[in-house]
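As numbered in our numbering, residues 37 to 311 make up the sequence shown, in order.
The C-beta atom is built at its ideal place from N, Cα and C for all residues, glycine as well.
Beneath this line is the structure, given in structure tokens, with notes to follow.
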Amino acid sequence: MSDERPEMPLPGKSLPEDSLPEEKALSGEVASQEVASEEPPRAPALRASDADREAVVDRLRDAVAEGRLDMEEFEERLEAVYASRTYAELEPLTRDLPAPPPSAAPVPSSSASSSGSSASAAASAWRGRIGGTGTSATGVAVMSRFQRKGRWTVPARFNAVAVWGGGELDLREADFAEGEVVITCVAVMGGIEITVPPGVEVDVRGIGVMGAFDPGDSPGSRPEPGAPRVVVNGLALWGGVAVKVKPPKGSKELKGLKAPEGPERLDGGTARKEL
37 MSDERPEMPL PGKSLPEDSL PEEKALSGEV ASQEVASEEP PRAPALRASD
87 ADREAVVDRL RDAVAEGRLD MEEFEERLEA VYASRTYAEL EPLTRDLPAP
137 PPSAAPVPSS SASSSGSSAS AAASAWRGRI GGTGTSATGV AVMSRFQRKG
187 RWTVPARFNA VAVWGGGELD LREADFAEGE VVITCVAVMG GIEITVPPGV
237 EVDVRGIGVM GAFDPGDSPG SRPEPGAPRV VVNGLALWGG VAVKVKPPKG
287 SKELKGLKAP EGPERLDGGT ARKEL
């Protein structure tokens, strides 16, 4: 029988590395778990719907009416709304505004029937404004000015001419003879301004020669079901044709805002003449 005994490690001396395979494996597993636990799981970004974006737009419009935002801030945020794709992008745009009523909060659409009913209501509202006989088919300003505004019926074809003068076509309170109307503009060293309400589809096709056809920056204007379509074409020679989107006077978007005293002069003159 051998008297040899296994060598005991001296105090303060560690065992050889190959003698602790189980301890090394365990410590490696714990370390890997700690590294994995440091990385929080990433939740997928939820996509926003058109209804969600429109709800945010309504909150911004209310903020303008209450004096919380000026028009410049409103336009900047409006552009950001329609460029947003997720809720994370929409949330900062209303973070500094009061909380809306529960019905106005940007939440996913709960059912297809609710969206269908709102689309039907919008179509019904526009249906009552389409049809009839045009009130006026021509506007001419030669070193003067013409204007069409208020309650009038836009014909299927309207011709506007401004030579060393200016013209204004305000369609916000107008009716439309047909679902699509064409406005042909000729501006020679003059200007023509066309104002349409939100929801109307606008197609600008004019040609500018030392002049411009300006479709305007109107991110808040999205075609609504049943709304008419306005096609603007023609020629601007050393002149300009501008299209603007504004809500009708007296709507909630303008509540609390002071309306202009009169239309902006395009020709700089004082004469006014309608043909």
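Residue burial classification, residue i (beta-carbon count within 10 angstroms, cutoff 16)
{"i": "G164", "result": "exposed"}
{"i": "R241", "result": "exposed"}
{"i": "I243", "result": "exposed"}
{"i": "A223", "result": "buried"}
{"i": "E109", "result": "exposed"}
{"i": "D239", "result": "exposed"}
{"i": "D206", "result": "buried"}
{"i": "R121", "result": "exposed"}
{"i": "R181", "result": "buried"}
{"i": "R184", "result": "buried"}
{"i": "A28", "result": "This structure leaves residue 28 out entirely; the chain is present only between 37 and 311."}
{"i": "A177", "result": "buried"}
{"i": "G270", "result": "buried"}
{"i": "A119", "result": "exposed"}
Close-in-space but distant-in-sequence residues of the same chain around residue i (CB under 6 Å, 5 per side omitted)
{"i": "W162", "result": "G262, A263"}
{"i": "A99", "result": "L105, L133"}
{"i": "Y394", "result": "Residue coverage of the chain in this structure runs from 37 to 311, which leaves residue 394 outside it and unanswerable."}
{"i": "A196", "result": "G175, G203, C221, I228"}
{"i": "W188", "result": "T171, A210"}
{"i": "P233", "result": "R208, P284"}
{"i": "G393", "result": "Residue 393 lies beyond the residue range present for the chain, which begins at 37 and ends at 311; the question has no answer from this structure."}
{"i": "V277", "result": "C221, A223, I228, G242, F249"}
{"i": "W200", "result": "M179, M225, G226"}
{"i": "L273", "result": "V224, V245, G247"}
{"i": "G235", "result": "E260, A263"}
{"i": "K282", "result": "T231"}
Residues near residue i in its chain [Cβ-Cβ closer than 8 Å; skip 5 each side]
{"i": "V117", "result": "R89, V92, V93, L96, L126, L129, P255"}
{"i": "A192", "result": "G170, A213, E214, E216, V217, V218"}
{"i": "E237", "result": "P259, A263, P264, R265, V266"}
{"i": "F194", "result": "G170, S172, A173, T174, G175, L205, V217, V218, I219, T220"}
{"i": "K280", "result": "E229, I230, T231, V232, G252, S254"}
{"i": "S160", "result": "G262"}
7 Å Cβ cutoff, residue i in contact with chain D
{"i": "T130", "result": "This model lacks chain D altogether; it includes just one protein chain."}
Residue span of the alpha helix (DSSP H) that contains residue i, given as start and end
{"i": "D94", "result": "86 to 101"}
{"i": "E109", "result": "107 to 119"}
{"i": "A124", "result": "123 to 126"}
Beta-carbon separation (whole angstroms), residue i vs residue j, contact threshold 8 Å
{"i": "V268", "j": "I230", "result": "6 Å"}
{"i": "G215", "j": "R258", "result": "Not a contact, Cβ separation roughly 17 Å."}
{"i": "M225", "j": "G275", "result": "5 Å"}
Where the beta strand (DSSP E) through residue i begins and ends
{"i": "A237", "result": "The question names Ala, yet the displayed sequence has Glu at residue 237. It spans 237 to 240 - the beta strand (DSSP E) in which E237 sits, taken as one unbroken run."}
{"i": "L205", "result": "202 to 206"}
{"i": "A210", "result": "That residue, A210, is in no beta strand (DSSP E); it is neither H nor E in DSSP."}
{"i": "R181", "result": "181 to 184"}
{"i": "L273", "result": "265 to 273"}
{"i": "R193", "result": "193 to 199"}
{"i": "G175", "result": "174 to 178"}
{"i": "T231", "result": "227 to 232"}
{"i": "D250", "result": "248 to 250"}
Hey, is the region 170 to 187 in contact with the region 238 to 251, meaning 3+ C-beta pairs nearer than 8 Å? no
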